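Chemist: Before I ask anything, here is the structure I am working with.
Residue numbers (the working numbering): 1310 to 1530.
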């Protein structure tokens, strides 16, 4: 039987978002590659799945590829997951998929939650066209410079941000794109999911006034 690399999307917060196909694919895999064996181990335990785990984050990806290709060539089923969401979307995975396809191995994507699309829909903002930026530069000057480049994008812009930096990032968005409508989408799929919207300057002031912000944050501009 031909080998198969399954790229598996996993829950970003709510475990009920793991589809039957996700559970079956992970349970049938000869090996599950993951960013953090502890994180994925807890997920598999919650799903009632037993599988062999091996760390395969960005730091060790290059050294793992040859061995994974050998397993696929031998007919094994290998699943790849990130800590949460879709691998390859601001997470490891792209280089492995690229190498497997170049080697002529079968690759399938098992769909799962993605903070990008969830945030776009939850924001209520026009999203017929959108650009996914991922994480902006951390340094204020470099961040503002990148936002000035992004201002020319003819559509919504989706940015991931740490709760510790989101207020500063929103302030920079307000400085560079003051007239835009912006949404802060926080804790997607979790108990305290929240969407806060407004013009860039208004939203920046509101979030700054809160002080501490908790949870994973997505900003839609």
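The beta carbon of each residue, even a glycine, is placed where N, CA and C say it ideally should be.
Fair warning: this is a prediction, and the values are worked out from it, not measured in the lab.
Report the three-state DSSP secondary structure of residue 1507 (helix, strand or coil).
Modeler: strand
Chemist: Among 1320, 1425, 1514, which residue has its Cα nearest to the Cα of residue 1475?
Modeler: 1514
Chemist: Assign residue 1498 to one of three DSSP states: helix, strand, or coil.
Modeler: Residue state, collapsed to three classes: coil.
Chemist: For residue 1452, is the classification buried or exposed, using 16 other Cβ atoms within 10 angstroms of its Cβ as the cut-off for buried?
Modeler: buried
Chemist: Out of 1493, 1518, 1373, 1410, point me to the one whose CA is closest to residue 1524's CA.
Modeler: Nearest option by C-alpha distance: 1493.
Chemist: Any idea what DSSP makes of residue 1315, helix, strand or coil?
Modeler: Correct three-state label for residue 1315: strand.
Chemist: Could you tell me which whole beta strand (DSSP E) segments of length 3 or greater appear in the region 1416 to 1497?
Modeler: 1439 to 1444, 1465 to 1470, 1490 to 1495
Chemist: Would you grab the beta carbon distance between residue 1366 and residue 1401 for me? Rounded to a whole angstrom, and I think it's under 8 Å.
Modeler: 6 Å
Chemist: In whole angstroms, give me the CA-to-CA distance for residue 1477 and residue 1425.
Modeler: C-alpha separation (whole angstroms): 21 Å.
Chemist: Would residue 1337 be called buried (16 or more neighbouring beta carbons within 10 Å of its own) or exposed?
Modeler: exposed
Chemist: Could you please give the first and the last residue of the uninterrupted beta strand (DSSP E) stretch that includes residue 1386?
Modeler: 1386 to 1389
Chemist: With C-beta atoms as the reference, is residue 1434 less than 9 Å away from residue 1506?
Modeler: yes
Chemist: Taking just the CA atoms, how far does residue 1411 sit from residue 1421?
Modeler: 25 Å
Chemist: Residues bridged to residue 1340 by DSSP?
Modeler: 1387
Chemist: Here's the rule: buried if 16 or more other CB atoms are within 10 angstroms of the residue's CB, otherwise exposed. What is residue 1444?
Modeler: exposed
Chemist: Please state the DSSP three-state secondary structure of residue 1394.
Modeler: strand
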